[in-house]
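Presented below is the structure to which this report refers.
Numbering (the working numbering), first residue to last: 1 to 459.
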């Protein structure tokens, strides 16, 4: 267990209205007493009441550094579950550095990346899945990612995992007890009961595994590729979505020769958007490379925005695109709807049966709300059930769930092959311990260090 007292600047190192220097550990108040003089006379710093704010000044020896507010939180009722002090100083870079240097000279050491959260984990205030949720909350790119991270921080994943582990542990304990005392505990009919339990638990684990793709999109954004033939209006669509002239738009076919990547939030959903070269046969070497890259990016995309030139109708280039996106999630943007149509919406809907087709005009800015609704529907069921669902957003957690799923599958195989009951216990315990990796019950020190090393300083 860590026992020394640590400190770090907890706010961004930039000029701002306020900066926070955080101190945590058993010597936090003693360190503060060496550098802080309360404005209120006779107030003893080492006896400050918990969860109070005190006004005063920070001194480096005889030199006043800054006018500050000090917040003291006595452990275990703090973020780290240790005695914690936060010094709210003015937000200038120089001021924060001087306060931090003074704190370190008077008994604290600089914290490592993620060390405050690591201590919260080691002190039992949060588990590992909640610690990961802290990092995800900090880096959340949209409202849904923020809500998902908050749910995990409150323990939604922990509760689910502990519930599954409890069921597995019950079966393991029952088996061990029955094998140790066959005279008083019968295993008659147990195989079928265990088979049913395994099917239920595996089903719940499978649902969590399946949520990982949605969780990845929540936290990282939906990889979205704009496809279309030259002059279909792809770059205009990109500019409209971004709200600025990011891509060059001309009437000359082949203007876009390489991919252009941007990030945007559409209706609260993060899109990692990629404009690509127009799909066509060309002898231009540079443009040809751009077309090949466009098709490669389409293969890896989560979502295709296929821009159709409704004023020109479909050509051979469109047929090539339609073939390439057969297995992909795609929204058809029936662009240039403000012009005379060579293809009607009815014909387009029949042609793209099973695909959402949206009447769109990049020039007039129409169709955006419909696109937002469609993206939400495709990936998150319209978000109607979001607040009741758990999304796995960590690759580490997904891997642990997959390993546990395999172990429970081995239990089912043993049952089907008529293996002795003591074989079940081995795989049941494997699943139990693997699920424990998610909450940190069975995590190694090296893995914990790897996870917390990814945190920002001061958190």
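Quick reminder that beta carbons are idealized off the backbone N, C-alpha and C, glycines included.
Close Cβ partners of residue i (< 8 Å) along its chain, the five nearest in sequence each way excluded
{"i": "residue 124", "result": "81"}
{"i": "residue 461", "result": "There is simply no residue 461 to check, as the chain begins at 1 and stops at 459 in what is shown."}
{"i": "residue 440", "result": "121, 127, 128, 129, 131, 448"}
{"i": "residue 227", "result": "234, 276, 279, 294, 298, 304, 305, 306, 307, 321, 324, 325"}
{"i": "residue 414", "result": "423, 424, 427"}
{"i": "residue 355", "result": "330, 331, 332"}
{"i": "residue 250", "result": "With a pLDDT of only 41 at residue 250, under 50, the local geometry of the prediction cannot be trusted, and the value read off the model is given with reservation. Taken in chain order, the list of residues that qualify is empty."}
{"i": "residue 109", "result": "4, 5, 6, 7"}
Check whether residue i and residue j have beta carbons under 7 Å apart
{"i": "residue 462", "j": "residue 274", "result": "Nothing can be reported for residue 462: it is not among the residues displayed for the chain, which extend from 1 to 459."}
{"i": "residue 429", "j": "residue 172", "result": "yes"}
{"i": "residue 70", "j": "residue 35", "result": "no"}
{"i": "residue 20", "j": "residue 7", "result": "no"}
{"i": "residue 422", "j": "residue 179", "result": "yes"}
{"i": "residue 392", "j": "residue 186", "result": "no"}
{"i": "residue 403", "j": "residue 434", "result": "yes"}
{"i": "residue 85", "j": "residue 32", "result": "yes"}
{"i": "residue 107", "j": "residue 27", "result": "yes"}
{"i": "residue 38", "j": "residue 25", "result": "no"}
{"i": "residue 91", "j": "residue 158", "result": "no"}
{"i": "residue 18", "j": "residue 88", "result": "yes"}
{"i": "residue 437", "j": "residue 400", "result": "yes"}
{"i": "residue 372", "j": "residue 290", "result": "no"}
{"i": "residue 83", "j": "residue 75", "result": "yes"}
{"i": "residue 48", "j": "residue 72", "result": "yes"}
{"i": "residue 336", "j": "residue 309", "result": "yes"}
{"i": "residue 13", "j": "residue 104", "result": "no"}
Residue range of the beta strand (DSSP E) that includes residue i
{"i": "residue 22", "result": "19-24"}
{"i": "residue 275", "result": "269-275"}
{"i": "residue 490", "result": "With the chain represented from 1 up to 459, any question about residue 490 goes unanswered, as that position is not in the structure."}
{"i": "residue 309", "result": "303-309"}
{"i": "residue 108", "result": "It is not in any beta strand (DSSP E) - residue 108 carries neither H nor E in the DSSP assignment."}
{"i": "residue 330", "result": "330-335"}
First and last residue of the uninterrupted alpha helix (DSSP H) at residue i
{"i": "residue 16", "result": "Element bounds for residue 16: n/a, residue is neither H nor E."}
{"i": "residue 223", "result": "Looking at the DSSP string, residue 223 is not in any alpha helix (DSSP H); the run it does join, the beta strand (DSSP E), is 222-227."}
{"i": "residue 238", "result": "234-242"}
{"i": "residue 184", "result": "First-last for residue 184: undefined, no H or E at that position."}
{"i": "residue 394", "result": "From DSSP, residue 394 is part of no alpha helix (DSSP H); its letter is neither H nor E."}
{"i": "residue 321", "result": "316-324"}
{"i": "residue 312", "result": "Taken as a continuous stretch (DSSP letters only), residue 312 belongs to no alpha helix (DSSP H), as it is neither H nor E."}
{"i": "residue 125", "result": "Here residue 125 belongs to no alpha helix (DSSP H), and DSSP marks it neither H nor E."}
Cβ-heavy atom distance, residue i to the ligand FMN, below 6 Å
{"i": "residue 341", "result": "The ligand content of the structure shown is nil, which means the ligand FMN is not present either."}
Neighbourhood of residue i by C-beta distance below 6 Å, restricted to the same chain and skipping five residues each side
{"i": "residue 243", "result": "none"}
{"i": "residue 253", "result": "Any answer about residue 253 is weak, because its pLDDT of 43 lies below 50 and its placement is not dependable; what the coordinates show is given next. For residue 253, where only same-chain residues beyond five positions count, the Cβ hits under 6 Å are 230, 231."}
{"i": "residue 168", "result": "428, 431, 432"}
{"i": "residue 370", "result": "358"}
{"i": "residue 348", "result": "334, 357"}
{"i": "residue 397", "result": "438"}
{"i": "residue 460", "result": "Nothing about residue 460 can be read from this structure; the chain reaches only from 1 to 459."}
{"i": "residue 53", "result": "69, 71"}
{"i": "residue 64", "result": "57"}
Residues of its chain near residue i, where Cβ-Cβ distance is below 7 Å and the 5 sequence neighbours each way are ignored
{"i": "residue 312", "result": "342"}
{"i": "residue 405", "result": "202, 205, 206, 209"}
{"i": "residue 264", "result": "241, 242, 271, 273"}
{"i": "residue 338", "result": "361, 363, 364"}
{"i": "residue 45", "result": "29, 32, 33, 36, 38"}
{"i": "residue 412", "result": "195, 198"}
{"i": "residue 191", "result": "415"}
{"i": "residue 407", "result": "427, 430, 431, 434"}
{"i": "residue 385", "result": "Residue placement at residue 385 cannot be trusted, given a pLDDT of 40 that sits under 50; what the coordinates show is reported in the next sentence. Once the five neighbours on either side are set aside, residue 385 has no close Cβ partner at all."}
Any C-beta of chain C under 7 Å from that of residue i
{"i": "residue 275", "result": "No chain C appears in this structure, which consists of one protein chain only."}
* Asked: How do the stretch 118-126 and the stretch 84-101 stand: do at least 3 beta-carbon pairs fall below 8 Å, yes or no?
  -> Between the stretch 118-126 and the stretch 84-101, the count of Cβ pairs shorter than 8 Å is below three; the stretches do not touch.
* Taking contact to mean at least 3 C-beta pairs separated by less than 8 Å, is the stretch 193-209 in contact with the stretch 228-237? -> The stretch 228-237 and the stretch 193-209 do not touch, with fewer than three beta-carbon pairs separated by less than 8 Å.
* For the stretch 337-390, which segments carrying the beta strand (DSSP E) assignment without a break, of at least 3 residues, lie completely within its bounds, in sequence order? -> Contiguous beta strand (DSSP E) elements confined to the stretch 337-390 occur at 357-359, taking only those with 3 or more residues.
* Secondary structure, beta strand (DSSP E): runs of 3+ residues fully inside the stretch 4-85 -> DSSP runs (the beta strand (DSSP E)) wholly in the stretch 4-85: 6-9, 19-24, 36-38, 52-60, 63-73.
* To do: Write down every uninterrupted run of the alpha helix (DSSP H) in the stretch 403-449 whose length is 4 residues or greater and which is fully enclosed by it, in chain order.
  => Segments of the alpha helix (DSSP H) lying fully in the stretch 403-449: 422-439.
* Enumerated in chain order, which unbroken segments of the alpha helix (DSSP H) with a length of 4 residues or greater are wholly contained in the stretch 155-183? -> Every alpha helix (DSSP H) stretch that sits fully inside the stretch 155-183 and reaches 4 residues is listed by chain position as 156-180.
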